[in-house]
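*Asks:*
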Amino acid sequence: MTIALPIRPAADAPAYYSPSANECGLFERAWARRLPLLLKGPTGCGKTRFVSHMAAKLGLPLSTVSCHDDLAAADLTGRYLLMGGDTVWVDGPLTRAVREGGICYLDEIVEARKDVAVVLHPLTDDRRILPLERTGEQLVAPASFMLVVSYNPGYQNLLKSLKPSTRQRFVAIEFDFLPKSEEIAVVSAESGLADTQVAPLVELARRIRALKGHDLEEGASTRLLVYCASLIDAGVPVREAVLAAMIEPLTDEPDVKTALTELADSLIR
Numbered sequence: 005m006t007i008a009l010p011i012r013p014a015a016d017a018p019a020y021y022s023p024s025a026n027e028c029g030l031f032e033r034a035w036a037r038r039l040p041l042l043l044k045g046p047t048g049c050g051k052t053r054f055v056s057h058m059a060a061k062l063g064l065p066l067s068t069v070s071c072h073d074d075l076a077a078a079d080l081t082g083r084y085l086l087m088g089g090d091t092v093w094v095d096g097p098l099t100r101a102v103r104e105g106g107i108c109y110l111d112e113i114v115e116a117r118k119d120v121a122v123v124l125h126p127l128t129d130d131r132r133i134l135p136l137e138r139t140g141e142q143l144v145a146p147a148s149f150m151l152v153v154s155y156n157p158g159y160q161n162l163l164k165s166l167k168p169s170t171r172q173r174f175v176a177i178e179f180d181f182l183p184k185s186e187e188i189a190v191v192s193a194e195s196g197l198a199d200t201q202v203a204p205l206v207e208l209a210r211r212i213r214a215l216k217g218h219d220l221e222e223g224a225s226t227r228l229l230v231y232c233a234s235l236i237d238a239g240v241p242v243r244e245a246v247l248a249a250m251i252e253p254l255t256d257e258p259d260v261k262t263a264l265t266e267l268a269d270s271l272i273r
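Just so you know, we're using our numbering here: the sequence shown kicks off at 5 and counts up by one.
#1: Name, in chain order, the residues that DSSP records as bridge partners for A176.
#2: At which residues does the beta strand (DSSP E) containing V144 begin and terminate?
#3: Looking at the structure shown, is G82 part of a helix, part of a strand, or coil, going by DSSP?
#4: Can you look up T255 in the DSSP assignment and give me helix, strand or coil?
#5: So which of S270, L41, S195 has the shortest CA-CA distance to E207?
#6: Secondary structure at S67, three-state DSSP: helix, strand or coil?
#7: Taking DSSP as the reference, what is the three-state secondary structure of K164?
#8: Helix, strand or coil: which one does DSSP assign to V240?
#9: Determine the burial state of L254: buried for a count of at least 16 other Cβ atoms within 10 Å of its Cβ, exposed for fewer.
#10: For L134, which residues does DSSP report across the bridge?
#11: Quick check on I107: does DSSP put it in helix, strand or coil?
#12: Exposed or buried, what is H218 when buried is set at 16 or more other beta-carbons lying within 10 Å of its beta-carbon?
#13: Sorted by chain position, which residues of the same chain lie with C-beta nearer than 6 Å to S154's C-beta, five sequence neighbours on each side aside?
#14: Could you work out which residue in V190, S192, S70 is closest to I113 when comparing CA atoms only?
#15: Kindly identify the DSSP beta-bridge partner or partners of D74.
#16: E187 and A209: beta carbons closer than 9 Å?
#17: Please list the terminal residues of the continuous alpha helix (DSSP H) segment that includes D119.
In structure tokens:
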């Protein structure tokens with residue numbers, strides 16, 4: 005017996021997204037030409053939101069997988085499980101996306117185990133197939149299926165990196181944080197907070213990002229900005245919201261937290 009659980013349908017309307025260049029057009033053309041896509045950029049800069057936006061825009065179901073150290077190929081393809089005394093095959097998210105002709109998005113692909121790349125390779129060339137050794141099936145991806153992966157180049161090291169042989173199987177788009185005015189507009193639209201109140205938060209985030217690689221491993225993401233603005237819009241005092249959403253998530257070091265708090269106090273009145 006085989007069970008294919010439904011994947012999330014496309015949203016009724018595209019999620020709010022502010023294009024920075026021609027990434028939307030490139031995505032559409034890559035999908036139309038059945039090309040796999042690689043998104044690279046810092047954490048929280050909008051890669052996942054971009055994929056959600058495009059899935060809704062194209063009317064395609066989206067299956068998102070957050071990759072991690074223990075993610076194996078079987079987690080994507082599926083496995084046999086005991087259900088009510090029967091042994092049944094349950095499709096994984098990649099298999100479901102191939103069967104239903106949706107988008108499969110693998111976030112932070114370099115975090116997954118090495119055998120994941122082996123499963124993806126036949127889907128990233130002109131064969132566009134997914135062999136399922138355990139069931140004896142060989143699925144041919146329909147025209148509407150698209151494989152999208154992402155990673156943060158800043159996190160790559162000798163132990164975790166995307167091999168050149170894998171990278172060259174994808175069309176790639178580089179992402180970065182939006183220009184100040186556009187980021188203000190995005191955060192305001194997402195949180196409901198007025199532009200004038202969002203502006204100093206964005207300036208703080210930009211100052212914090214400049215510290216990346218010195219006192220901080222990573223800068224403040226647009227996602228954290230939205231969290232902070234949402235808390236303020238909900239009535240949380242500004243200083244408390246900044247501490248909870250833009251400082252505490254970035255560091256545990258008391259001295260660094262003190263320095264960031266002083267920076268915030270100098271920018272936000």
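Just so you know, even glycine gets a beta-carbon here, dropped at the ideal spot from N, CA and C.
*Replies:* From the atom records:
#1: Note: A176 sits in a beta bridge opposite L42.
#2: Segment 141-144, the beta strand (DSSP E) holding V144.
#3: Under the three-state reduction of DSSP, G82 is assigned to strand.
#4: Residue state, collapsed to three classes: coil.
#5: Ranked by Cα distance from E207, the options S270, L41, S195 are led by S270.
#6: Of the three classes helix, strand and coil, the one that applies to S67 here is strand, per DSSP.
#7: In the structure shown, K164 sits in coil (DSSP, three-state: anything other than H, G, I, E or B).
#8: Note: V240 maps to coil in three-state DSSP.
#9: Buried is the call here.
#10: DSSP, once it has assigned bridges, lists L143 as partnering L134.
#11: Here I107 carries a strand assignment [DSSP, helix/strand/coil].
#12: H218 is classed as exposed because its beta carbon has fewer than 16 other beta carbons within 10 Å across all chains shown.
#13: L43, K51, D111, listed in sequence order.
#14: For the residues V190, S192, S70, the minimum Cα distance to I113 belongs to S70.
#15: Residue pairing from DSSP leaves D74 without any beta-bridge partner.
#16: Cβ atoms of E187 and A209: closer than 9 Å.
#17: From DSSP, the alpha helix (DSSP H) with D119 extends over 119-124.
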